[in-house]
Structures are given as C-alpha cells and as structure tokens.
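Undergrad: Taken in sequence, the protein lines are chains Y and R.
Counting the first sequence from 1 gives a position; the numbering used here is that position plus 7.
Counting the second sequence from 1 gives a position; the numbering used here is that position plus 1.
Sharing a structure here in structure tokens format.
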Amino acid sequence: MSEHLRRYLGPGGPVDVLLPFHLDEVIDGWESLRVPMTREVPDAFARDEWAYLIGFLEGAKLRAVFEETFGTAIDGGEGSIALFRPVGSIAVWLPNNVSLLGPLTLILLSVTGARLRLKGGSSSEDLAAAFLAFARAHLDPNGALARHLDGAVRHEVFDRSDPRNAELAGEADLRIVFGSDEGVRAVDSLAHRPGSTTIAFRDRASEAWIASAAVDRELRRTLLSVFAVYGQAGCTSPRRVVLLGADRAAARSLAEELAGDWDALVRRPPAPHEASSAILGEQWARALGWDAVCASRHAAVFAAGTPDLERIDVPLGLSIVAATVEEALDSLPENIQTIGYALGEPITDGLVRRLASRGAARVVPLATMHHFGPVWDGIEFWRRCFVRMEVGR
Amino acid sequence: MSALLERAVFGPRDDATLLAEMNALTRRHREGCAPYRRMTEGFTGAGSLAELPFVHVGLFKRLALVTELDDVRPGRTLESSSTSGQGASRVRLDAASSALQAKSSRAILADFVGEARRPLLVLDSSASLRRRGGLSARIAAAMSLEPFADGMHFLLGAGADPASLHRERIVELAGEHDALLVYGFTWILWRAWAQGLGEDARRALAGKTVHFVHSGGWKKLEAEAVDRATFDAALLDGLGPDSRVIDYYGLVEQVGIVFPLCECGYRHAPVWAEVLVRDPFSSEVLEGEPGLLQLMNPLALGAPYHNVLTEDLGRLIAGDCPCGRGNRRFELIGRVPKAELRGCSNV
Numbered sequence: 008m009s010e011h012l013r014r015y016l017g018p019g020g021p022v023d024v025l026l027p028f029h030l031d032e033v034i035d036g037w038e039s040l041r042v043p044m045t046r047e048v049p050d051a052f053a054r055d056e057w058a059y060l061i062g063f064l065e066g067a068k069l070r071a072v073f074e075e076t077f078g079t080a081i082d083g084g085e086g087s088i089a090l091f092r093p094v095g096s097i098a099v100w101l102p103n104n105v106s107l108l109g110p111l112t113l114i115l116l117s118v119t120g121a122r123l124r125l126k127g128g129s130s131s132e133d134l135a136a137a138f139l140a141f142a143r144a145h146l147d148p149n150g151a152l153a154r155h156l157d158g159a160v161r162h163e164v165f166d167r168s169d170p171r172n173a174e175l176a177g178e179a180d181l182r183i184v185f186g187s188d189e190g191v192r193a194v195d196s197l198a199h200r201p202g203s204t205t206i207a208f209r210d211r212a213s214e215a216w217i218a219s220a221a222v223d224r225e226l227r228r229t230l231l232s233v234f235a236v237y238g239q240a241g242c243t244s245p246r247r248v249v250l251l252g253a254d255r256a257a258a259r260s261l262a263e264e265l266a267g268d269w270d271a272l273v274r275r276p277p278a279p280h281e282a283s284s285a286i287l288g289e290q291w292a293r294a295l296g297w298d299a300v301c302a303s304r305h306a307a308v309f310a311a312g313t314p315d316l317e318r319i320d321v322p323l324g325l326s327i328v329a330a331t332v333e334e335a336l337d338s339l340p341e342n343i344q345t346i347g348y349a350l351g352e353p354i355t356d357g358l359v360r361r362l363a364s365r366g367a368a369r370v371v372p373l374a375t376m377h378h379f380g381p382v383w384d385g386i387e388f389w390r391r392c393f394v395r396m397e398v399g400r
Numbered sequence: 002m003s004a005l006l007e008r009a010v011f012g013p014r015d016d017a018t019l020l021a022e023m024n025a026l027t028r029r030h031r032e033g034c035a036p037y038r039r040m041t042e043g044f045t046g047a048g049s050l051a052e053l054p055f056v057h058v059g060l061f062k063r064l065a066l067v068t069e070l071d072d073v074r075p076g077r078t079l080e081s082s083s084t085s086g087q088g089a090s091r092v093r094l095d096a097a098s099s100a101l102q103a104k105s106s107r108a109i110l111a112d113f114v115g116e117a118r119r120p121l122l123v124l125d126s127s128a129s130l131r132r133r134g135g136l137s138a139r140i141a142a143a144m145s146l147e148p149f150a151d152g153m154h155f156l157l158g159a160g161a162d163p164a165s166l167h168r169e170r171i172v173e174l175a176g177e178h179d180a181l182l183v184y185g186f187t188w189i190l191w192r193a194w195a196q197g198l199g200e201d202a203r204r205a206l207a208g209k210t211v212h213f214v215h216s217g218g219w220k221k222l223e224a225e226a227v228d229r230a231t232f233d234a235a236l237l238d239g240l241g242p243d244s245r246v247i248d249y250y251g252l253v254e255q256v257g258i259v260f261p262l263c264e265c266g267y268r269h270a271p272v273w274a275e276v277l278v279r280d281p282f283s284s285e286v287l288e289g290e291p292g293l294l295q296l297m298n299p300l301a302l303g304a305p306y307h308n309v310l311t312e313d314l315g316r317l318i319a320g321d322c323p324c325g326r327g328n329r330r331f332e333l334i335g336r337v338p339k340a341e342l343r344g345c346s347n348v
C-alpha cells in the first residue's frame with residue numbers, strides 16, 4: 008500500500024501526517040456506510056445505538072479528529088516541522104459489557120492507519136464484530152477502506168486465559184485496555200516490547216450539574232436524551248444529577264417532571280427486565296431515604312434526595328440531588344470523568360479549576376456529554392497512535 | 002404464627018385468614034425494619050392479598066433487610082447460588098421462622114415423595130455444612146428433605162465438583178436399601194449422576210426405587226440443550242417403575258415454600274401461600290397472562306421476605322388440576338430475559 012501525506016497547520020507550524028492510504032478515500036468509505044445503515048439495523052444493535060453510529064460516521068466529524076489533534080488541514084507547501092506516522096500495531100482489549108465503544112474505537116483507530124487487533128469480550132454481544140461484518144458487507148471491496156480493513160484490522164474473541172492475550176500484548180506497539188483495574192493489571196503484566204505502551208480506560212462516572220433556574224422542558228429533553236442512551240452503564244452518561252441552588256422539594260419536582268416527560272421524549276418502550284429493574288430501583292431508593300418515582304410503564308426511575316444518601320445503581324435509574332457547589336464537590340466520586348453542565352450562564356474558570364482538582368477529565372455542556380473525539384478520559388489516546396518525528400529546519 | 006399451617010397442604014383456600022396474617026406480618030416488619038417502613042410508607046392495611054406491598058427480590062442482593070424486634074432470635078444467613086453474576090441474595094433466618102418453614106416444606110414435599118424414611122443422598126460436599134454464619138441455598142434445600150431421611154450421605158468431594166462423585170458409596174447404599182432419595186441442584190445432578198454415575202453404580206441401582214428431587218433451575222443445562230425429557234429419562238434409566246424425578250421451584254427469599262412440578266406439569270401453592278402474576282409495566286395483577294411471579298407466605302418473621310416480586314415469569318392456570326391438588330396453580334415460564342447491560346467502560 009502506498010503512503011500518503013496530509014499536511015496540517017499546527018500551533019508551532021506545519022506538520023505532516025504519513026498514512027498508508029488516502030485519508031479522504033477512507034473517510035469517504037466510512038461515510039458511504041451511512042446510506043445502507045439507514046436501511047438496515049443489524050440485530051445486535053439497538054436503534055438508538057445505530058443512530059448514534061450513523062451520526063458518528065459523518066465525514067466532517069472524522070476529519071475533525073485530525074484537525075483537533077494536528078491543526079487546520081492545509082494543502083501543499085514546504086517546511087513541515089514534524090512528521091507523524093502511525094505507531095506500528097495496536098492491540099485493543101474491549102470490555103465485556105461494551106456497547107458502542109467497540110465500533111467507535113474501531114472507526115477512530117482505523118483512520119490512524121496502524122495495524123489493529125481487537126479482542127472482543129468473551130461474554131457479551133460483540134458489537135465491534137457485528138459492525139465490522141456490516142461494514143465489510145456494504146463497502147466497495149476495491150475501496151481504500153475495505154482494503155485497509157481486510158489487510159490491517161483483525162477482530163477476535165477469546166477469554167482472559169487464552170494464550171492469544173500474551174501474543175497480542177507481545178506484538179503491539181500500543182496496548183489499549185478497557186476494563187477493571189484487575190483486567191488492566193493483567194494485560195499490563197503480560198510480556199511486551201520495550202518502548203511499547205499501555206493506555207488503560209477503567210470505569211469512570213459522570214454527572215450532570217444543572218442550575219435550578221435553568222430547568223425548562225428543553226433542558227429536561229437534553230438531560231433525558233443523554234441519560235437514556237446508556238442509563239447508568241455509560242461512562243459519559245450522568246449517574247447523578249446535581250441540582251444547584253435548589254432544595255429537596257425542587258429535586259423531587261424535577262424527578263416527577265422527568266418521569267412525566269419520559270414517554271414523550273424518549274419514546275422507547277421498556278423491556279420487561281428494564282421494567283422490573285425500575286421497580287427494584289424505586290423500592291431501593293425509598294428504602295435508602297430517597298423520594299422515588301417511576302416513569303410510565305416502569306421505563307426508568309428517578310430518585311430525589313440529598314448528596315449524603317447512599318446511591319442506588321439500576322440501569323435506568325437516575326438520582327437527583329439538591330446541593331450547593333460545595334456539597335456537590337465534596338460528594339464527587341473518585342472516578343469522576345465528565346461533568347455535563349447546564350448553568351444558564353457560562354461556567355466560571357474557578358469552578359472548572361475546582362472540578363479539575365477533584366479529578367474530572369471533561370467539563371462540557373450537558374448536550375455534548377457523549378461526544379467522542381480524540382481525547383478520552385483526559386488522555387490524548389488518539390494522538391498516541393502516532394509517532395512523531397522531529398524535523399529540524 | 003400461621004394457623005393455616007395446621008390445614009391440609011393443598012386443601013381449600015382461606016384467603017381471609019391468609020390476608021389477616023399477611024397484614025399483621027406487614028405491620029410487624031414495618032415496625033422492626035426501617036428500610037421496609039420507608040418503602041411501604043402510607044401502608045395502613047390491605048383489603049386484598051393483591052394490595053399488600055411486595056418487595057422486589059433484587060433488593061435482597063443489595064440491602065440487609067432484617068426485622069429487629071425483641072422476639073426475633075437471629076440465626077444463620079441463607080445465601081442464594083448467585084448464578085446471575087449480580088451477587089447473592091442474603092436472607093437472615095431466625096429460630097421461629099425456621100420452625101415454621103421446616104414444617105411447611107415438610108408438608109409440601111411429603112405430598113410428592115411420601116413420608117417413608119430412606120437414605121438421603123445429597124449431591125454436595127459435607128464441607129458445605131460447615132460454613133460459618135451462612136447457609137447455601139443448596140444445603141438448605143437438601144436439609145428440607147431431612148424429615149424423609151434415615152441418614153444423610155454427601156456424595157461430592159471438596160468443592161462440590163460433580164466429577165468428585167463418590168460412586169462407591171452409591172454402590173454400598175444401593176446394596177443395603179431398596180429405596181433412596183437423592184437431592185441435587187439440577188445441573189449438578191445432570192453432570193454427576195446422569196452423566197457421571199458409572200457402570201458399577203448403575204448396576205447396583207437397577208430396579209431400585211429412587212426419588213430424585215432437584216432445584217436451582219435449568220439455566221446451565223439450557224446452554225447444553227438438555228431438556229426435561231432428556232434429563233428425566235437419563236436419571237430414571239434402569240431404575241424401578243416407582244422411581245420419579247421431582248423438579249421444584251423455590252427461592253431463598255421464600256424459604257419454606259417450594260413448588261414441585263406436579264404430574265400434570267403445574268406448580269401449586271400450599272394453602273398458607275399465595276401466588277400472583279403481575280404485569281411488569283403496570284404492576285397490575287394478571288389472570289391467565291404471563292407476567293412476573295409474586296410469592297407470599299406468612300412464615301417470615303425475622304425479615305420482610307414474606308411477600309416478594311420475583312424476576313421469574315409465570316402464568317396462573319384457571320380450573321382444577323387433574324393431579325387432584327387444589328389451590329392456586331401456575332406455570333413457571335422462566336427468568337425474565339435480560340439484555341446485556343451495555344455501557345462503554347462500566348466493567
């Protein structure tokens with residue numbers, strides 16, 4: 008496969024990115040899938056997951072990953088100050104209950120041009136494999152993307168005791184591990200090449216911080232949309248709502264309004280196990296001292312209370328606490344990842360700094376909590392899929 | 002506590018008495034268990050069994066629900082087998098409840114296996130008995146058959162591995178007795194007995210009367226495509242004509258109440274228990290339609306596991322059962338199908 012240069016204007020000057028394919032052709036390949044994706048949803052995917060993927064494959068968004076990392080795309084010229092080339096090979100251990108992360112990781116890493124080996128979870132429905140199969144079935148087999156996927160991307164499923172784990176770890180220049188601390192340690196302890204690196208993504212929790220005065224139907228719609236996709240299972244999904252400048256009665260009102268809005272705004276009938284778990288969540292919350300209310304048809308449960316109450320953990324259960332900023336900061340989980348805010352006014356640098364000091368990796372507007380770019384959990388993982396060669400002038 | 006325990010196990014229903022006992026029990030647990038009181042805020046009394054507040058079965062995996070009253074003598078904690086990967090249910094037993102529960106399970110099981118005593122062969126390890134503080138669901142189930150046993154014999158080695166079956170002990174017992182009672186979890190019985198018995202033991206058991214009692218569900222065997230007919234046929238192969246396989250359904254959160262499968266394929270509630278089926282989406286009681294099983298009985302005095310909403314699907318069956326047992330009968334359909342919890346890094 009021939010090599011292609013793309014040039015970007017970064018803050019220090021122009022830089023080149025050397026890829027094993029023509030980037031526009033590969034991105035166009037991904038974008039071309041959006042048409043067949045609107046016609047057919049593989050059984051493995053929920054409709055909202057599939058819709059999210061369709062949006063993610065927009066060419067402009069994939070190009071933006073390059074521009075956020077390297078600078079503004081420019082044509083031609085001389086005098087680049089650095090050349091980036093893909094790290095040789097990347098091994099990825101996907102988690103068992105991964106949802107879209109498999110396909111998202113596959114797409115984002117595919118455009119780096121690195122050789123890619125993905126290990127799917129052995130006890131989960133494997134969305135990465137399902138998506139890869141869909142892509143291979145619908146891409147132009149002679150196109151750049153199909154050729155790249157065939158030649159440089161492998162997806163396998165095996166369990167944690169399989170000797171192929173050692174093989175993956177040993178051959179990779181970069182290991183990306185999604186999993187528990189124990190799982191990450193297990194991969195990191197496998198023999199690997201000197202100079203190769205491991206990037207670990209462990210369980211993280213996110214929260215929505217909302218000013219009481221900013222609550223209206225549109226905000227509730229946004230909150231429900233970011234929550235309903237993953238419920239409590241998504242690392243970027245709010246596991247708790249902090250209602251700032253409010254009392255418990257206001258939190259209870261918001262819980263009731265969200266429960267009332269669910270049918271109209273989410274429009275996804277619950278499965279029986281989801282309904283059962285909402286019943287459980289409602290009882291669990293009440294037992295712990297929360298005020299709890301279920302959405303229609305037990306589709307979800309909303310619990311209102313204060314930050315000192317023990318949390319409930321059911322898939323579609325959202326707790327809402329009335330709190331001051333101080334109380335909210337003091338009760339942040341140690342694995343805080345994203346704060347999605349809707350404050351009715353710009354967030355202050357002071358609050359951003361305080362959230363940073365508590366370990367938050369992202370502080371973003373509420374509606375963009377699930378936006379995946381080249382930085383995850385505060386780690387510039389996508390940039391690390393490239394090796395930088397300095398060019399002296 | 003329950004006057005109903007003195008009645009014929011599958012005799013005529015007396016819902017008025019059951020309701021009175023359940024109302025009293027609900028008030029008792031509200032008095033002695035603060036989380037339960039918060040969950041059932043506003044309860045003053047129910048006019049029907051369906052109006053009584055239930056506890057979702059999953060709560061016993063997440064909270065220690067116990068009723069602290071002066072007359073409660075706490076005992077061991079009963080733990081479920083935790084096949085779902087979400088942790089075990091924990092139900093604290095107490096002396097008074099245990100006595101009632103033993104009486105209940107004896108009456109129910111006697112109707113299926115008879116009163117005669119015979120050796121009880123347990124497909125478990127004797128080491129399981131010696132756990133401090135806790136009691137596994139398997140051992141509790143085996144112990145419920147003790148009233149019909151003239152000796153208990155644990156047939157598995159340490160770790161309760163089906164491959165560790167003491168076949169020579171089976172040969173000895175079969176040589177000494179014409180009738181045996183065997184208990185095991187469904188999948189263990191399949192692996193250890195149906196698949197691992199060996200020729201010597203099979204020869205020794207030929208023509209003997211063996212009652213197999215099993216519980217714990219079919220989840221593991223479904224993965225191996227073993228259905229009930231295959232399972233029963235494999236166990237009964239070569240045995241005497243009066244041998245039987247009895248599959249019972251029970252929960253640690255309803256200890257003392259078991260629901261053996263009758264000859265007609267249904268499960269019957271004893272007169273001191275009730276079974277309801279609820280729509281998971283509306284909580285409405287369903288008659289004849291599949292829904293979540295709700296089980297209740299007045300035997301749980303030390304913790305509020307007297308009325309639980311399960312995650313099992315069932316359907317009430319109208320009319321009299323040809324097997325002759327009265328009362329509520331139902332068809333157990335299986336667990337609520339669970340989609341995988343999908344997140345992005347919550348592992």
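C-beta: ideal position from N, C-alpha, C; glycine also.
What three-state label does DSSP hand R/Lys339 in the structure shown?
TA: Counting from one through the second sequence, the residue named residue 339 of chain R turns up at place 338. Three-state result, R/Lys339: coil.
Undergrad: How many angstroms separate the CA atom of R/Leu260 from the CA atom of R/Gly251?
TA: If you number the second sequence from 1, residue 260 of chain R lands on position 259. If you number the second sequence from 1, residue 251 of chain R lands on position 250. The identity of residue 260 of chain R in the sequence shown is Phe, whereas the question assumes Leu. The straight-line gap from Cα to Cα measures roughly 6 Å.
Undergrad: Between R/Tyr37 and Y/Ala262, what straight-line distance do the alpha-carbon atoms span, to the nearest angstrom?
TA: Mapped onto the second sequence, residue 37 of chain R falls at position 36. Mapped onto the first sequence, residue 262 of chain Y falls at position 255. Roughly 22 Å separates the two Cα atoms.
Undergrad: Can you check which of these residues, Y/Asp254, Y/Thr355, Y/Trp37, Y/Ala278, is closest to Y/Pro314 by C-alpha distance?
TA: Stepping through the first sequence from its first residue, residue 314 of chain Y is reached at position 307. Residue Y/Asp254 is the option with its Cα nearest to Y/Pro314.
Undergrad: At what residues does the beta strand (DSSP E) containing Y/Phe393 begin and finish?
TA: On the first sequence, position 386 is the one that residue 393 of chain Y refers to. Y/Phe393 -> beta strand (DSSP E) spans 393–397.
Undergrad: Using Cβ-Cβ distances below 8 Å, what residues of the segment 273–294 of chain R are close to chain Y?
TA: Within the segment 273–294 of chain R, the residues whose Cβ lies closer than 8 Å to some Cβ of chain Y are Pro281, Phe282, Ser283, Ser284, Leu293, listed in chain order.
Undergrad: By the criterion of Cβ-Cβ separation under 7 Å, what are the contact partners of R/Arg39 in chain Y?
TA: Here the question's residue 39 of chain R lines up with position 38 in the second sequence. Near R/Arg39 (Cβ distances below 7 Å), the residues of chain Y are Arg293, Ala294, Gly296.
Undergrad: For Y/Lys126, list the residues DSSP reports as bridge partners.
TA: Within the first sequence, numbered from 1, the residue matching residue 126 of chain Y stands at position 119. Note: Y/Lys126 sits in a beta bridge opposite Y/Trp100, Y/Glu163.
Undergrad: Give the residues from the segment 45–59 of chain R that approach chain Y closer than 7 Å (Cβ to any Cβ), ordered along the chain.
TA: Residues passing the 7 Å Cβ filter: Val56, His57, Gly59.
Undergrad: Ignore the nearest five residues each way along the sequence and tell me which others in R/Gly344's own chain have a CB closer than 6 Å to its CB.
TA: For the purposes of this step, residue 344 of chain R is identified with residue 343 of the second sequence, where counting begins at 1. In this prediction, R/Gly344 has a pLDDT of 48, which is less than 50 and means its spatial position is unreliable; what the coordinates show is noted afterwards. Hits under 6 Å: none found.
Undergrad: Taking 8 Å as the cut-off, decide whether the C-beta atoms of R/Leu166 and R/Arg119 are in contact.
TA: Translated into the one-based positions of the second sequence, residue 166 of chain R becomes position 165. Translated into the one-based positions of the second sequence, residue 119 of chain R becomes position 118. Not a contact, by the Cβ cut-off of 8 Å.
Undergrad: Determine the closest residue to Y/Gly84 out of Y/Asp356, Y/Arg14, Y/Pro110, Y/His29, with distance taken between C-alpha atoms.
TA: Along the first sequence, read from residue 1 onward, the residue named residue 84 of chain Y stands at position 77. The option with the nearest alpha carbon to Y/Gly84 is Y/Arg14.
Undergrad: Residues of chain Y with CB closer than 9 Å to the CB of R/Val67, please, in chain order.
TA: As a working mapping, residue 67 of chain R is identified with position 66 in the second sequence. Under the 9 Å cutoff, chain Y gives no residues; its nearest Cβ is about 12 Å from R/Val67.
Undergrad: Please report the straight-line C-alpha distance between Y/Arg209 and Y/Ala198, rounded to a whole angstrom.
TA: On the first sequence, residue 209 of chain Y is found 202 positions in, with the first residue counted as 1. On the first sequence, residue 198 of chain Y is found 191 positions in, with the first residue counted as 1. Spanning the two alpha carbons is a distance of roughly 21 Å.
Undergrad: Would you report the Cα separation of R/Arg63 and Y/Val321, rounded to the nearest angstrom?
TA: Counting from 1 along the second sequence, the entry for residue 63 of chain R is found at position 62. Counting from 1 along the first sequence, the entry for residue 321 of chain Y is found at position 314. Rounded to whole angstroms, R/Arg63 to Y/Val321 spans 11 Å at the Cα level.
Undergrad: Run down chain R in chain order and give the residues with a C-beta less than 7 Å from the C-beta of Y/Leu287.
TA: Here residue 287 of chain Y is taken as the residue at index 280 of the first sequence, counted from 1. In chain order: His57, Gly59, Leu60.
Undergrad: Tell me the residue span of the beta strand (DSSP E) that contains R/Leu317.
TA: Working through the second sequence from its first residue, we reach residue 317 of chain R at position 316. Taken as a continuous stretch (DSSP letters only), the beta strand (DSSP E) holding R/Leu317 covers 308–318.
Undergrad: So what does DSSP say about R/Ala210, is it helix, strand or coil?
TA: In the second sequence, the residue the question calls residue 210 of chain R occupies position 209. According to the sequence as given, residue 210 of chain R is Thr; it is not Ala. DSSP places R/Thr210 in strand when its eight states are reduced to three.
Undergrad: By the DSSP assignment, the alpha helix (DSSP H) with Y/Pro279 in it spans what residues?
TA: Start at 1 with the first residue of the first sequence, and residue 279 of chain Y comes out as number 272. Counting along the chain, the alpha helix (DSSP H) containing Y/Pro279 begins and ends at 279–295.
Undergrad: Are three or more beta carbon pairs between the segment 295–310 of chain R and the segment 239–250 of chain R nearer than 8 Å?
TA: No: fewer than three Cβ pairs fall under 8 Å.
Undergrad: Given a cut-off of 8 Å, decide if Y/Gly66 and Y/Glu38 are closer than it, judged by their beta-carbon atoms.
TA: In the first sequence, the residue the question calls residue 38 of chain Y occupies position 31. In the first sequence, the residue the question calls residue 66 of chain Y occupies position 59. In contact: Y/Glu38 and Y/Gly66 (Cβ atoms closer than 8 Å).
Undergrad: Can you tell me the Cβ-Cβ gap for R/Leu124 and R/His154, rounded? I've got them flagged as a contact below 8 Å.
TA: Within the second sequence, residue 124 of chain R is the residue found at index 123, counting from 1. Within the second sequence, residue 154 of chain R is the residue found at index 153, counting from 1. Between R/His154 and R/Leu124 the Cβ distance is about 10 Å, and since that is not below 8 Å, they are no contact.
Undergrad: CB R/Pro291 to CB R/Gly315, shorter than 8 Å?
TA: Residue numbering aside, residue 291 of chain R sits at position 290 when the second sequence is read from its first letter. Residue numbering aside, residue 315 of chain R sits at position 314 when the second sequence is read from its first letter. Contact: yes.
Undergrad: Who are the Cβ neighbours of R/Gly217 in its own chain at under 6 Å, not counting the five residues just before and after it?
TA: The residue labelled residue 217 of chain R in the question sits at position 216 within the second sequence. Only Phe186, Thr187 meet the Cβ criterion.
Undergrad: Does Y/Ala282 come within less than 8 Å of chain R when only Cβ atoms are used?
TA: On the first sequence, residue 282 of chain Y is found 275 positions in, with the first residue counted as 1. Yes, contact with chain R.
Undergrad: Out of Y/Val118, Y/Ser96, Y/Gly17, which has the shortest C-alpha to C-alpha gap to Y/Pro381?
TA: Indexing the first sequence from 1 puts residue 381 of chain Y at position 374. Among Y/Val118, Y/Ser96, Y/Gly17, the Cα nearest to that of Y/Pro381 belongs to Y/Val118.
Undergrad: When we look at the beta-carbon of R/Pro338 and count the other beta-carbons within 10 Å, is it buried (16 or more) or exposed?
TA: Residue mapping note: residue 338 of chain R aligns to position 337 of the second sequence, counting from 1. R/Pro338 should be labelled exposed.
Undergrad: Quick one: Cα of R/Ala7 to Cα of R/Trp273, how far?
TA: What you label residue 7 of chain R is simply residue 6 of the second sequence in a count that begins at 1. What you label residue 273 of chain R is simply residue 272 of the second sequence in a count that begins at 1. The residue asked about is misnamed: residue 7 of chain R is Glu in this sequence, not Ala. Whole-angstrom Cα-Cα distance: 9 Å.
Undergrad: Tell me which residues share the same chain as Y/Glu289 and place their Cβ nearer than 7 Å to its Cβ, disregarding the 5 neighbours each side in the sequence.
TA: Numbered from its first residue, the first sequence carries residue 289 of chain Y at position 282. Correct list, in chain order: Ala299, Cys301, Val308.
Undergrad: Specify, as a first and last residue, the run of the beta strand (DSSP E) that R/Lys153 falls within.
TA: For the purposes of this step, residue 153 of chain R is identified with residue 152 of the second sequence, where counting begins at 1. Note that residue 153 of chain R corresponds to Met in the displayed sequence, not to Lys. Its beta strand (DSSP E) spans residues 150–157.
Undergrad: Tell me which residues share the same chain as Y/Phe28 and place their Cβ nearer than 7 Å to its Cβ, disregarding the 5 neighbours each side in the sequence.
TA: For the purposes of this step, residue 28 of chain Y is taken as residue 21 along the first sequence, with counting starting at 1. Around Y/Phe28: Met8, His11, Gly120, Ala151, His155.
Undergrad: Who are the neighbours of R/Glu312 on chain Y, taking C-beta pairs under 7 Å?
TA: Here residue 312 of chain R refers to the residue found at position 311 when the second sequence is read from its first residue. Per Cβ cutoff of 7 Å: Ser283.
Undergrad: With 16 as the cutoff for other CB atoms within 10 Å, does R/Asp179 come out buried or exposed?
TA: By one-based count along the second sequence, residue 179 of chain R stands at place 178. R/Asp179 comes out exposed.
Undergrad: Cα-Cα, which of Y/Leu272, Y/Arg161, Y/Gly95 is closest to Y/Ser303?
TA: To locate residue 303 of chain Y, count along the first sequence from 1; it is residue 296. Of the listed residues, the one whose Cα sits closest to Y/Ser303 is Y/Leu272.
Undergrad: Let me know if R/Asn24 comes out buried or exposed under the rule of 16 or more other beta-carbons within 10 Å of its beta-carbon.
TA: Within the second sequence, the letter at position 23 stands for residue 24 of chain R. Buried, because 16 or more other Cβ atoms sit within 10 Å of the Cβ of R/Asn24.
Undergrad: On the DSSP bridge list, what partners appear for Y/Val184?
TA: Numbered from 1 along the first sequence, position 177 holds the residue referred to as residue 184 of chain Y. Answer is Y/Trp100, Y/Ala207.
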